[in-house]
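Q:
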Amino acid sequence: MLLCTQLLRCVLSVHYLCLTRNMSSSPPRLQGCMSAWIIDQYGSNGVLKYTEETTVPTISSATEVMIKVHAVSLNPLDVAMRGGYGAKLLKLRRDPLSVMDNDTEFPLILGRDLSGVVVDCGSGVTHFALGDEVWAAVPPWKQGSLAEYVTLTEYEVSHKPKVLSHIEAASIPYVANTSLSALVNGGGLCRDSSSNKRVLITGGSGGVGTFAIQLLKAWGAHVTVTCSQNAVGLVRGLGADEVLDYTAGDVVEQLEMMEKFDVVFDGVGGDTEEWAMGLLKPWSGAKYVTLVTPLLLNTDSMGLLDGTLNAGFSLQSKAIQNLLSSGVFYRWGFYAPDGPALDEVSKLVDAGKILPVVEAQFSFTQVPQAFQKLEKGHARGKTVVRLIKIRQKQICSMEIQLKKFGVT
Ligand SMILES: NC(=O)c1ccc[n+]([C@@H]2O[C@H](COP(=O)([O-])OP(=O)(O)OC[C@H]3O[C@@H](n4cnc5c(N)ncnc54)[C@H](OP(=O)(O)O)[C@@H]3O)[C@@H](O)[C@H]2O)c1
Numbered sequence: 001m002l003l004c005t006q007l008l009r010c011v012l013s014v015h016y017l018c019l020t021r022n023m024s025s026s027p028p029r030l031q032g033c034m035s036a037w038i039i040d041q042y043g044s045n046g047v048l049k050y051t052e053e054t055t056v057p058t059i060s061s062a063t064e065v066m067i068k069v070h071a072v073s074l075n076p077l078d079v080a081m082r083g084g085y086g087a088k089l090l091k092l093r094r095d096p097l098s099v100m101d102n103d104t105e106f107p108l109i110l111g112r113d114l115s116g117v118v119v120d121c122g123s124g125v126t127h128f129a130l131g132d133e134v135w136a137a138v139p140p141w142k143q144g145s146l147a148e149y150v151t152l153t154e155y156e157v158s159h160k161p162k163v164l165s166h167i168e169a170a171s172i173p174y175v176a177n178t179s180l181s182a183l184v185n186g187g188g189l190c191r192d193s194s195s196n197k198r199v200l201i202t203g204g205s206g207g208v209g210t211f212a213i214q215l216l217k218a219w220g221a222h223v224t225v226t227c228s229q230n231a232v233g234l235v236r237g238l239g240a241d242e243v244l245d246y247t248a249g250d251v252v253e254q255l256e257m258m259e260k261f262d263v264v265f266d267g268v269g270g271d272t273e274e275w276a277m278g279l280l281k282p283w284s285g286a287k288y289v290t291l292v293t294p295l296l297l298n299t300d301s302m303g304l305l306d307g308t309l310n311a312g313f314s315l316q317s318k319a320i321q322n323l324l325s326s327g328v329f330y331r332w333g334f335y336a337p338d339g340p341a342l343d344e345v346s347k348l349v350d351a352g353k354i355l356p357v358v359e360a361q362f363s364f365t366q367v368p369q370a371f372q373k374l375e376k377g378h379a380r381g382k383t384v385v386r387l388i389k390i391r392q393k394q395i396c397s398m399e400i401q402l403k404k405f406g407v408t
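Note that full-length UniProt numbering has the sequence shown beginning at 1, numbered continuously upward.
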C-alpha cells in the first residue's frame with residue numbers, strides 16, 4: 001500500500017512539474033489518493049486524522065478547476081465545525097437527499113482558505129489556465145483545503161496577488177469574502193460610497209478585523225476599532241483612525257462620547273448589539289451588521305425547520321424594533337463565495353493597500369497544533385498551515401512585518 005501511494009505521488013508530482021500556463025486544456029486527469037487531514041466524527045482535537053488515502057477530488061463539471069494547495073489558513077469556523085457546528089444546515093446544503101441519514105458528511109475535510117496552483121480545468125473554464133497561481137475561500141458545504149488538492153467552480157476562485165507568497169495569500173480569502181459580503185450587502189458600503197462614512201469595528205485584532213480595517217481605509221472611511229491593549233499597535237499600524245482598548249475601562253462610555261457612526265461592524269457578538277445600536281446615527285440609514293449570528297446554532301439545537309424559523313423571527317423582530325425606534329438597520333453578515341470580489345482585493349493587495357497579517361505558521365504535520373493555537377483565542381491576524389516548503393527568507397520578512405506592528 002505504501003509503495004502504491006509513493007508511486008502515485010511520483011506520477012502526480014511529475015505530472016504537476018510538467019504543467020505550465022496555457023498548456024493543453026485537457027491534460028490527463030489526476031486520479032487516485034492524496035494526503036489530507038480529515039475527521040470522521042465530531043469532537044475535540046483528537047478527531048483530526050492525517051491520511052494519505054483520501055480520494056483526489058477530480059473535476060466533475062465543465063466549470064470546475066482543480067487546485068494543488070500550497071497553503072491554508074484556519075478560521076474560528078474550522079474549530080467550530082470540528083465540533084459539529086452547523087452540521088444540520090451544511091448537510092442539507094451538501095446533499096438535500098441525505099439530510100436524514102447519519103454520518104454521510106464523513107470523512108470531512110476542514111480548512112476554508114487556500115492559496116495554490118491550478119492543475120486541471122473543466123472544458124468550460126475560461127478564466128484560468130494550468131499553472132495559474134490562485135487563491136480562494138472554500139464554502140463550508142464543500143470539502144475543505146487541509147488536503148493536497150481541492151476542486152472548486154471557477155466562480156469561487158481568483159488569481160492570487162502577485163506580491164504575496166502562498167503563505168501570505170492563504171491568510172486573506174475567507175475574511176475578505178466575509179468582510180466584503182457583510183460590508184457591501186449588510187452595511188451598504190463600497191469603494192465609491194465610503195469616503196464620508198464613520199465605521200466602528202469591534203474585534204479589530206482578529207482575522208476579519210485586521211482585513212476589514214485595511215479594506216475600509218482603502219475605501220476612504222473613518223475607522224474606529226475596539227481591541228485589547230496589546231493589539232493597539234497592530235490595528236493602528238493597519239490604519240485605524242481611533243483605537244479603544246476594551247480591557248482598560250468602560251469602552252461603551254468612551255464610544256458614547258464620540259461622534260455617532262454610519263456602520264457598526266461587529267465581530268464580537270454577545271451583548272455588543274445591546275449597546276452598539278445606540279452608537280449609530282439615528283434616522284439616517286445607519287447600519288449595525290453582526291457576524292455572530294444564531295442561525296447555525298439554532299438549526300443544530302432545534303432542527304432545520306424550527307431553528308431556521310426561530311432565527312428568522314429573531315432577525316425580523318430586532319430589525320423592525322430598531323427601525324421603528326431609531327431608524328437604524330439591524331443586519332446579519334455572512335461569508336459568501338465570490339471570486340470576482342477576490343479579484344478586486346487582489347488589486348488592492350498588489351497596490352500595497354492591504355497587507356496580510358500572518359500571526360502563526362504551522363507545517364502540514366502540525367495541523368492539530370494549529371487548531372490548538374486557534375482555540376486559545378486572542379488572534380492577532382491569521383494562523384496559516386503550509387503544505388509546501390518555505391524559504392527562511394520569507395519567514396524572516398513576515399516576522400519583520402509583524403514586529404513593525406508591535407506583535408511579538
Ligand atoms: N457569519 C459569518 O459568515 C462569519 C464569517 C467569518 C467570521 N465569523 C465570526 O466573526 C467573528 C470574528 O471572526 P475572526 O475570524 O476575526 O475571529 P478571530 O480571528 O478569532 O478574532 C477575534 C478577535 O476578537 C478579539 N476580541 C475578543 N473579545 C473582544 C471584545 N470584547 N472586544 C474587542 N475585541 C475582542 C480577540 O482578541 P482578544 O480576545 O485578545 O481581545 C480576537 O483578536 C467570529 O465569531 C467568527 O466566528 C462569522
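Yeah, the Cβ is synthetic: ideal placement off N, Cα and C, and Gly gets one too.
#1: Alpha carbon to alpha carbon, how far is residue 306 from residue 313? Give it in angstroms, no decimals.
#2: Take residue 70 as the anchor and find which of 49, 164, 279, 250 has the nearest alpha-carbon.
#3: Mind checking residue 351: buried by the 16 CB within 10 Å criterion, or exposed?
#4: Can you pull the DSSP bridge partners for residue 363?
#5: Within 10 angstroms of its Cβ, does residue 191 collect 16 or more other Cβ (buried), or is it exposed?
#6: Rounded C-beta distance between residue 207 and residue 201? I'm assuming under 8 Å.
#7: Alpha carbon to alpha carbon, what distance is there between residue 103 and residue 36?
#8: So for residue 202, helix, strand or coil by DSSP?
#9: Counting only the same chain and skipping the five closest in sequence on each side, list residues whose C-beta sits under 8 Å from that of residue 67.
#10: Between residue 228 and ligand 1, is there a pair consisting of the residue's CB and a ligand heavy atom that are separated by less than 7 Å?
#11: Looking at C-alpha atoms only, which residue of 282, 142, 288 is the closest neighbour of residue 452?
#12: Kindly examine ligand 1 and report whether one of its heavy atoms sits closer than 7 Å to the Cβ of residue 136.
#13: Nearest CA to the CA of residue 147: which residue from 279, 193, 124, 72?
#14: To test your reading of the DSSP string, which unbroken beta strand (DSSP E) runs of 3 or more residues are found completely within the stretch 326 to 363?
#15: Specify the secondary structure class of residue 37 as computed by DSSP and reduced to three states.
#16: In terms of residues, what are the limits of the beta strand (DSSP E) holding residue 300?
#17: By a C-beta neighbour count over all protein chains shown, 10 Å radius and 16 as the cutoff for buried, is residue 247 buried or exposed?
#18: Between which two residues does the beta strand (DSSP E) harbouring residue 274 extend?
#19: Out of curiosity, what's the CA-to-CA distance linking residue 23 and residue 125?
#20: Quick one, which of 162, 265, 214 has its alpha-carbon nearest residue 188's?
#21: If I measure Cβ to Cβ from residue 78 and keep anything under 6 Å in the same chain, skipping five residues before and after, which residues do I get?
#22: Buried or exposed: residue 282, going by 16 or more other Cβ atoms within 10 Å of its Cβ?
#23: If I measure Cβ to Cβ from residue 4 and keep anything under 6 Å in the same chain, skipping five residues before and after, which residues do I get?
#24: Pull the bridge partners of residue 64 from the DSSP assignment, please.
A: To lay it out plainly:
#1: In this structure, the straight-line span from the alpha carbon of residue 313 to that of residue 306 is close to 10 Å.
#2: The closest CA to that of residue 70, considering only 49, 164, 279, 250, is found on 164.
#3: When all chains shown are included, residue 351 counts as exposed.
#4: Looking at the DSSP output, residue 363 bridges to 386.
#5: Sixteen is the threshold: since fewer than 16 other Cβ atoms of the shown chains lie within 10 Å of the Cβ of residue 191, the residue is exposed.
#6: The Cβ separation is near 12 Å, so there is no contact.
#7: Straight-line Cα distance between these residues: approximately 19 Å.
#8: Correct three-state label for residue 202: strand.
#9: For residue 67, where only same-chain residues beyond five positions count, the Cβ hits under 8 Å are 114, 116, 117, 118, 119, 134, 136, 149, 150, 151, 152, 157.
#10: Checking every heavy atom of ligand 1 against the Cβ of residue 228, one is found closer than 7 Å.
#11: Residue numbering for the chain in the displayed model covers 1 to 408; residue 452 lies beyond these limits and cannot be assessed.
#12: Residue 136: no, Cβ never under 7 Å from ligand 1.
#13: Comparing Cα-Cα distances from residue 147 to each of 279, 193, 124, 72, the minimum goes to 72.
#14: Listed in chain order, they are 329 to 332, 358 to 363.
#15: Strand.
#16: Here residue 300 belongs to no beta strand (DSSP E); instead the alpha helix (DSSP H) covers 295 to 302.
#17: That one is exposed.
#18: Element bounds for residue 274: not the beta strand (DSSP E) but the alpha helix (DSSP H), 272 to 276.
#19: Confidence in residue 23 is poor, its pLDDT being 36 and thus under 50, which makes the residue's placement unreliable; the coordinate value appears in the next sentence. When rounded, the distance between both Cα atoms is 14 Å.
#20: Of the candidates 162, 265, 214, the one whose C-alpha sits nearest the C-alpha of residue 188 is 265.
#21: Annotation for residue 78: 110 place their beta carbon closer than 6 Å to its own, counting only its chain and skipping 5 residues before and after.
#22: Using a 10 angstroms sphere on the CB of residue 282, the tally of other CB atoms stays under 16, which defines it as exposed.
#23: Confidence at residue 4 is low in this model, with a pLDDT of 37, below 50, so its placement is unreliable and no value can be given for it.
#24: Answer by DSSP bridge pairing, in chain order: 153.
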